[in-house]
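For our numbering, count along the sequence shown from 1 and bump the result up by 55. First up is the structure itself, then whatever we jot down about it.
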Amino acid sequence: MNNQDLLEISEKFGSPVYVYDAEKIISQYNRLTSAFSGVKNLRIHYAVKALSNISVLGLFQQLGAGLDTVSIQEVKLGLEAGVDPANIIYTPNGVSLEEIEAVAALGVQINIDNLSILEQFGTRNPDVPVCIRINPHVMAGGNTNISVGHIDSKFGVSIHQIPHLLRIVENTGMHINGIHMHTGSDILDIEVFLYASEILFETARNFKDLEFMDFGSGFKVPYKEGDIETNIEELGGKLTAKFKSFCKEYGRDLTLAFEPGKYLVSEAGKFVARVNVIKQTTSTVFAGVDSGFNHLIRPMFYGSRHEIHNLSNPEGKERFYSVVGYICETDTFASNRRIPEIKEGDLLAFSNAGAYCYSMASNFNSRYRPPEVLWYNGEAHLIRKRETFEDILRGQVKLDLSALKETV
Ligand SMILES: Cc1ncc(COP(=O)(O)O)c(C=O)c1O
Numbered sequence: 056m057n058n059q060d061l062l063e064i065s066e067k068f069g070s071p072v073y074v075y076d077a078e079k080i081i082s083q084y085n086r087l088t089s090a091f092s093g094v095k096n097l098r099i100h101y102a103v104k105a106l107s108n109i110s111v112l113g114l115f116q117q118l119g120a121g122l123d124t125v126s127i128q129e130v131k132l133g134l135e136a137g138v139d140p141a142n143i144i145y146t147p148n149g150v151s152l153e154e155i156e157a158v159a160a161l162g163v164q165i166n167i168d169n170l171s172i173l174e175q176f177g178t179r180n181p182d183v184p185v186c187i188r189i190n191p192h193v194m195a196g197g198n199t200n201i202s203v204g205h206i207d208s209k210f211g212v213s214i215h216q217i218p219h220l221l222r223i224v225e226n227t228g229m230h231i232n233g234i235h236m237h238t239g240s241d242i243l244d245i246e247v248f249l250y251a252s253e254i255l256f257e258t259a260r261n262f263k264d265l266e267f268m269d270f271g272s273g274f275k276v277p278y279k280e281g282d283i284e285t286n287i288e289e290l291g292g293k294l295t296a297k298f299k300s301f302c303k304e305y306g307r308d309l310t311l312a313f314e315p316g317k318y319l320v321s322e323a324g325k326f327v328a329r330v331n332v333i334k335q336t337t338s339t340v341f342a343g344v345d346s347g348f349n350h351l352i353r354p355m356f357y358g359s360r361h362e363i364h365n366l367s368n369p370e371g372k373e374r375f376y377s378v379v380g381y382i383c384e385t386d387t388f389a390s391n392r393r394i395p396e397i398k399e400g401d402l403l404a405f406s407n408a409g410a411y412c413y414s415m416a417s418n419f420n421s422r423y424r425p426p427e428v429l430w431y432n433g434e435a436h437l438i439r440k441r442e443t444f445e446d447i448l449r450g451q452v453k454l455d456l457s458a459l460k461e462t463v
């Protein structure tokens, strides 16, 4: 998918628009599975929260991946896409017992991350196998909002509570078939990940009937040229060796599972927006686009960097711009960024727009969410329509307030 393709897609479907390159998703998936080809039983559960369009879920199903889900709605999307419930894991946090039981009834693997719900679930459903999410208290992840394995994190059962956990398992008679961790996103240091995996192995020794170990995700992808990324091949080699020797000691070949979101879809996505206005102030040149944090919130939420290319003038002389949105809040995509000269009407492409962009989009300022397009086999396929005013009104109830005037 090149610049010209993106320009044509934006002309055809309008702006702003999200475009995902299926080839890139497939190559990331193949790269990950190749890195772990030494593992006998490998399972990749794509993290639906990153990008939840059912055509993308269907693509993963075709590739042989399962899904990692965090809500019953994500589970239902997966089923709608044709994924076998046995290939879906559900890792909720702070979710009600009722929802967890409803998901279990669909035949999905349950992953519980706190002792209170574990005890209630195990007492009421001793025959349903359960995975436990532990918190290894390892500080990994690129930003406090995405670093979830540390001591103050709300996620997972603390490794200091393993004796309590074992008492619950014994008293309820429940069956623990998996053990899980997810330390956070954007892991820079493989050694930190491997250290956390040692803690997972240590925890696993307490359970005699495990079928799988899930090492979560958090692989870092590059955001700009020369950017650091998780060396997946090195991680594959090192973790495979550790996993194999653990399985030998354990006496059984377990399944090794991962649940990446960003690694699989981030780089495949481009978000294209049109420049509405160039505003020159005394200190800055603003390029104001027909979008905002209602469509791409990551720069404001995580301080993440998205490369911005001027599709309409790729070879132009570079100038400094602050690229901002049209939202009535400060919504700065990039400050003083060097970009080929921008004119009003130009189309800008934001990179790394596959993960946590559409899935975090909203209708703030009553704006429509943009369409999604999958670039597949050299052709653009619309996989979600642009919203319309009917979508903004949907579910709203217009009260008859005409009597109010008489009472005030
Ligand atoms: C439990 C769990 N698994 C997997 C993921 C996916 O992480 P990433 O997109 O960094 O691969 C997340 C991200 O929030 C998560 O919370």
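Each residue gets a CB set at the ideal place from its N, CA and C atoms; glycine is no exception.
Under 7 Å from any heavy atom of ligand 1, does the C-beta of Phe267 make it?
The sequence position of residue 267 within the sequence shown is 212, counting from 1. It does not: the Cβ of Phe267 is nowhere closer than 7 Å to a heavy atom of ligand 1.
Among Ile187, Pro218, Ser171 and Leu290, which one has its Cα closest to the Cα of Leu87?
Residue 87 sits at position 32 when you count from the first residue of the sequence shown. Residue Leu290 is the option with its Cα nearest to Leu87.
Just confirm the distance between the C-beta atoms of Leu366 and Ala404, as a whole number of angstroms; I'd bet it's less than 8 Å.
Here residue 366 is taken as the residue at index 311 of the sequence shown, counted from 1. Here residue 404 is taken as the residue at index 349 of the sequence shown, counted from 1. With a Cβ gap of about 5 Å, Leu366 and Ala404 count as contacting.
In chain order, which continuous runs of the beta strand (DSSP E) of length 3 or greater are located wholly inside the stretch 92-163?
Complete beta strand (DSSP E) runs here, min 3: 96-102, 121-124 and 143-145.
Which ranges does the beta strand (DSSP E) cover as unbroken runs of at least 3 residues, wholly within the stretch 319-400, from first to last along the chain?
You should have 324-335, 340-344, 363-365, 373-379 and 387-395.
Under 8 Å between the Cβ atoms of Lys275 and Glu284?
Taking the first residue of the sequence shown as 1, we reach residue 275 at position 220. Taking the first residue of the sequence shown as 1, we reach residue 284 at position 229. Yes, they are a contact pair.
Would you tell me roughly how many angstroms separate the C-alpha atoms of Gln451 and Ser457, rounded to the nearest one?
For this step, residue 451 is matched to residue 396 along the sequence shown. For this step, residue 457 is matched to residue 402 along the sequence shown. Gln451 and Ser457: Cα-Cα distance of roughly 18 Å.
Could you have a look at Ala90 and say whether DSSP puts it in helix, strand or coil?
Mapped onto the sequence shown, residue 90 falls at position 35. Helix, per DSSP.
Just to check, is the beta-carbon of Lys317 closer than 7 Å to a non-hydrogen atom of ligand 1?
Counting from 1 along the sequence shown, the entry for residue 317 is found at position 262. Indeed, a heavy atom of ligand 1 lies less than 7 Å from the Cβ.
Tell me the DSSP bridge mates of Asp168?
As a first step, residue 168 is located in the sequence shown; it is residue number 113 there, counting from the start. Bridge partners of Asp168: none, in fact.
For a test of the three-state rule: what should DSSP assign to Leu309, helix, strand or coil?
In the sequence shown, counting from the first residue as 1, residue 309 sits at position 254. It is coil, neither helix nor strand.
Taking three-plus beta-carbon pairs below 8 Å as touching, is the stretch 374-384 in contact with the stretch 238-257?
At 8 Å Cβ cutoff, the stretches do not touch.
Any heavy atom of ligand 1 inside 7 Å of the beta-carbon of Glu314?
On the sequence shown, position 259 is the one that residue 314 refers to. Yes; taking the cut-off as 7 Å, the Cβ of Glu314 has a heavy atom of ligand 1 nearer than that.
Does Val193 come out as helix, strand or coil in the three-state DSSP assignment?
As a working note, residue 193 is residue 138 in the sequence shown. Val193: coil per DSSP, three-state reduction.
Would Thr227 and Arg188 be called neighbours here (beta carbons separated by less than 8 Å)?
Taking the first residue of the sequence shown as 1, we reach residue 227 at position 172. Taking the first residue of the sequence shown as 1, we reach residue 188 at position 133. No.
I need the straight-line Cα distance from Gln116 to Gly211, nearest angstrom please.
Here residue 116 is taken as the residue at index 61 of the sequence shown, counted from 1. Here residue 211 is taken as the residue at index 156 of the sequence shown, counted from 1. So the two alpha carbons sit approximately 28 Å from each other.
Does the stretch 304-322 come close enough to the stretch 260-274 that 3 or more CB-CB pairs lie under 8 Å?
Yes, they touch.
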